[in-house]
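Single-structure report; data block below.
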Amino acid sequence: MPTALLICGMFTAAVMLTWMFLYYTAPATGLFFMLALQSLRHLRLWRWRKSQIGRFVVWAILILCVVSFVFFCVNLPRLSDKWLRFPRARILAHLQQDGGRHLVIVRYGPNKSPHDEWVYNEADIDSAKVVWAREMDATQNRKLIEYFKDRQVWLLEPNAETPRLIPYSGDSVAKIILRRERF
Numbered sequence: 008m009p010t011a012l013l014i015c016g017m018f019t020a021a022v023m024l025t026w027m028f029l030y031y032t033a034p035a036t037g038l039f040f041m042l043a044l045q046s047l048r049h050l051r052l053w054r055w056r057k058s059q060i061g062r063f064v065v066w067a068i069l070i071l072c073v074v075s076f077v078f079f080c081v082n083l084p085r086l087s088d089k090w091l092r093f094p095r096a097r098i099l100a101h102l103q104q105d106g107g108r109h110l111v112i113v114r115y116g117p118n119k120s121p122h123d124e125w126v127y128n129e130a131d132i133d134s135a136k137v138v139w140a141r142e143m144d145a146t147q148n149r150k151l152i153e154y155f156k157d158r159q160v161w162l163l164e165p166n167a168e169t170p171r172l173i174p175y176s177g178d179s180v181a182k183i184i185l186r187r188e189r190f
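Residue numbers (the numbering used here): 8 to 190.
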């Protein structure tokens, strides 16, 4: 038990001192559950003035966990709509509702965050309703568009203040590039 507490403390300190995604803590999940169960076992034996108050506290904790799980499940439909607040998810949902097949060419700006990735696709990219691709040079873009010729092609600039789709055409893209080079 002391070794598990030491490992858990060191892991918690490492997580707090470094920036990481929450799912990197998954390897320690079993350790946290083991410590929680051991704590409940010890808490169950707690007595105060000859009454077994520990049993009451353990049951109260377990009932609270079940009630909070039920509350979460009841509110799940409302919580699942919150993911649509993210621009990529909102755009993807809009394109999927459209019913057609789409190719979204993503043009990143000069100050793209490495954690703000928009281009990722389904495993079977050829049969996906929406395909995301990074913008390349004109020749490579043309090859990409020819390969996905049965799709409506969109241009997306995620670094804009409000990312939105605009229909992709060689002329409009050339005008946008020229306008940028002037300033």
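Even for Gly, the Cβ is constructed at its ideal location relative to N, Cα and C.
None of the values given here were measured: they were computed from a predicted structure.
- Scanning I60, V160 and A35 for the CA closest to the CA of L47 turns up I60.
- Shown here, Q103 sits in a helix according to DSSP, grouped into three states.
- Y175 is classed as buried because its beta carbon has at least 16 other beta carbons within 10 Å across all chains shown.
- Secondary structure at A20: helix, using DSSP grouped into helix, strand and coil.
- When DSSP states are grouped into helix, strand and coil, R158 belongs to the coil group.
- Judged by their CB atoms, I112 and L162 are nearer to each other than the 8 Å cut-off.
- In the pairwise beta carbon analysis, the stretch 68-75 is classified as not touching the stretch 119-139: fewer than three pairs are separated by under 8 Å.
- The C-beta distance from F18 to A43 rounds to 15 Å, too long to fall under 8 Å, and the pair is not in contact.
- Within the model, the alpha-carbon separation for R51 versus K136 is close to 55 Å.
- Boundaries of the beta strand (DSSP E) harbouring L110: H109 to V113, taken from the DSSP string.
- In the DSSP assignment, A43 falls within the unbroken alpha helix (DSSP H) covering T36 to R51.
- A distance of 8 Å or more separates the beta carbons of A20 and M41.
- A100 and F28 have their C-alpha atoms spaced approximately 25 Å apart.
- For V138, the enclosing beta strand (DSSP E) covers residues V137 to R141.
- Nearest Cα to I173 within the set R54, L13, W53 and L110: L110.
- In this chain, the beta strand (DSSP E) harbouring P174 covers L172 to P174.
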